[in-house]
Amino acid sequence: MPRIVQTNDEQYKKMTETPIPNLILQLGIPTIISMLVTNIYNMADTYFVGTVGTSASGATGVVFGLSAILQAFGFMFGHGAGSNISRKLGAHDVGSAREYASTSFFGALLVGLLILSGGMLFMEGMLRMMGSTETILPFAKDYAFWILIAGPAMTTSCVMNNILRYEGKAFFAMIGLTSGGILNIFLDFLMVSVLHMGIGGAGLATCISQYVGACILIMPYLRGQTQSKISPKYITKQFAVLRDILTVGSPSLARQGLNSVSTIVLNATAGPYGDAAVAAMSIVNKIINFLFCVATGIGQGFQPVSAFNYGAKIYSRVRDGFWFAFRLGMVLMMILGAFAFLNAEPFITFFRDDPEVITIGTVALHWQSVTLFLMPVTLYGNMLFQSIGKSGTALWLAALRSGVVLIPVLLILNRMFGLFGVEISRAVSDVVSSAITIPYLISFFRNLPEDEIPESRAK
């Protein structure tokens, strides 16, 4: 396909000349709102399912591993395409951006359909492998059925959302994600509390909201409001494009995929201590994910700034953007961590008023709250290297907290300290992962080149 070269002076000027704090907040705030709403509806599932029973609450934790797998592939295609698209647009190559967008979208759609088919064929074995106990299994099957049906929408939504962000159009991404999230909360209430459909109703609510959100996300592409396009005619036959997508996106696959594996291992280690332990750890993880999505949103506001300016060879803005996002993320996580620590017991009680769940969850939430401020270290390091195309380093850093460190720590601490080891495992993993990440960041910034444009353009 011939390359289309197009200069978008307004977008280029915005991404290369807007003051760094303003630009990151402008791109990050819509993402934070999107992620907060997304996490709220994930927590709404947990809340409404908690009214069914402790085993049902445990089922949401088990099926979370399945959702993580779907998101892993979606983020792989989304970040893989988005990073390349942002750098191509920084170099004024719109034709390549369209190829990356369409190839990643239809690749994610295919993977979503394959997971849907395989999951339906091997559902019971899959759920047992993910840590389901006999009492949790019936609830997990009801919930997983609808999550699998939603699979193609989940994978493609991740692609569309990330491409919009990398193009600097985070507002459109926010509209799609928040609309689906708000709808899901309403449907959870309707189907679980009003129609008494149980955990299957919560799964159906998630499924409907995912498809509605995907339809909203695709509208900017169909209306020509983006430089990227989603159409079969732009699917490239060049292996190099697919290779670039998979290479740059592999850290996201590793991060999300290992999150799924870690969840499976966590459920397996918590399972012998009873359904209450599985439910408690599931609730704690969702609370921490909700709090941390603020820092994640800031990081995702930084990524397009980093990728675009790296492609434009304005390296000083990459450095300034990282340190602004890093400082802001750590400060906010300190504040939110203190808030979660002081309110750990009522937070757990809100989701499941079971004394055993409350006792286990409170201890785990206390420990994870203390180390919450360290989570941006590894995540932002991974985001930095991924955004500029250094996929090898990004892959390694992505794998650290998600599994390479967490899984051994979890197994060792469980063997040494029993249930208490399970409760403190993520906190210990955050400390170790951060210590490994810091030298990579120091080395990168020491060797970052000087800007290759007049200094006046880099302000």
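The numbering used here puts the first residue of the sequence shown at -3, with every later residue one more than the last. For glycine and all other residues, C-beta sits at the position ideal for the given N, C-alpha and C.
Contact belief for residue i with residue j at Cβ below 8 angstroms, rounded distance in angstroms
i    : j    : result
L242 : G76  : 6 angstroms
V274 : G78  : Actually they are not in contact, since the Cβ atoms of V274 and G78 sit about 35 angstroms apart, beyond 8 angstroms.
L396 : S421 : Not confirmed; about 14 angstroms, so no contact.
T50  : D271 : 5 angstroms
I260 : G176 : About 26 angstroms; that fails the 8 angstroms criterion.
G333 : F369 : 6 angstroms
V237 : E95  : 5 angstroms
F343 : L361 : 7 angstroms
V59  : A52  : Not really, about 11 angstroms apart at Cβ, beyond 8 angstroms.
I181 : I36  : 7 angstroms
F135 : I195 : 5 angstroms
I204 : V33  : Contact doesn't hold; Cβ gap of about 16 angstroms is too wide.
Same chain, Cβ closer than 8 angstroms to residue i, neighbours up to 5 away in sequence not counted
i    : result
A454 : Confidence at A454 is low in this model, with a pLDDT of 43, below 50, so its placement is unreliable and the value that follows should be read with caution. Result list for A454: T12, I310, S312, R313 and D447, in chain order.
N157 : S30, G74, A169, G172, L173 and L213
K10  : L19 and G164
V405 : S421, V424, S425 and V428
L191 : G197
R411 : G417
M187 : M193, G197, A198, L200 and A201
L444 : Y311, V314 and R315
Y207 : A146 and A149
V1   : Here the model assigns V1 a pLDDT of 38, short of 50, so the residue's position is not dependable, and the following value carries that caveat. Within the same chain, V1 has close Cβ partners H88, D89, V90 and G91.
L407 : V261 and T265
L105 : P148, T151 and T152
Beta-carbon contacts of residue i that lie in its chain and below 7 angstroms, excluding the five residues immediately before and after
i    : result
G325 : A291, I294, G295, P372 and Y376
S387 : T243, V244, S246 and P247
T374 : L393, L396, R397, S429, S430 and T433
D41  : T56, D184, A198 and T202
A303 : S79, S82, R83, Y162, S383 and I384
G253 : I65 and A68
F441 : R315
I354 : E341, I344 and T345
N263 : G57, V58, M126, G127 and V274
L123 : V58, L133, A136, K137 and A140
T389 : F381 and Y436
Endpoints, the alpha helix (DSSP H) within which residue i is located
i    : result
K282 : D271 to G307
R348 : Where R348 is concerned, there is no enclosing alpha helix (DSSP H), given that its DSSP letter is neither H nor E.
I461 : Any answer about residue 461 is impossible in this case: the structure gives the chain only from -3 up to 455.
I403 : L402 to F413
F369 : Element bounds for F369: n/a, residue is neither H nor E.
V327 : Y311 to L338
Residue burial classification, residue i (beta-carbon count within 10 angstroms, cutoff 16)
i    : result
T367 : buried
Y233 : Sequence inspection shows Lys at residue 233; the Tyr mentioned does not correspond to that position. Exposed, by the Cβ-count rule.
Q299 : buried
P435 : exposed
Q221 : exposed
T151 : buried
G6   : Here residue 6 turns out to be Glu, not Gly, going by the sequence shown. By the neighbour-count rule (16 or more Cβ atoms within 10 Å), E6 is not buried but exposed.
P15  : exposed
A68  : buried
L117 : exposed
E120 : exposed
P148 : buried
K282 : buried
K137 : buried
M39  : buried
M277 : buried
T458 : The requested residue 458 is not part of the displayed model; the chain covers only -3 to 455.
L144 : buried
G414 : exposed
S189 : exposed
I476 : With the chain represented from -3 up to 455, any question about residue 476 goes unanswered, as that position is not in the structure.
L391 : buried
P216 : buried
G357 : buried
L218 : exposed
F318 : buried
Neighbourhood of residue i by C-beta, 6 angstroms cutoff - its chain only, sequence neighbours within 5 removed
i    : result
S100 : F73, A77, V155 and I241
I438 : none
R239 : none
P26  : A166, F167 and M170
I284 : Q364
L409 : G417 and S421
G61  : M126, S256, T259 and I260
**Request:** Give, in chain order, every unbroken run of the alpha helix (DSSP H) that is at least 4 residues long and sits entirely within the segment 85 to 162.
**Result:** Qualifying alpha helix (DSSP H) stretches, in chain order: 90 to 117, 119 to 125, 133 to 145 and 147 to 162.
**Asked** Taking the runs of the alpha helix (DSSP H) that are 4 residues or longer, which of them lie wholly in the segment 155 to 235?
**Response** Complete alpha helix (DSSP H) runs here, min 4: 166 to 184 and 194 to 218.
**Asked** What residue ranges within the segment 22 to 87 form continuous alpha helix (DSSP H) runs of no fewer than 4 residues, ordered along the chain?
**Response** As summarised for the segment 22 to 87, the continuous alpha helix (DSSP H) elements at least 4 residues long and confined to that stretch are 50 to 86, given in chain order.
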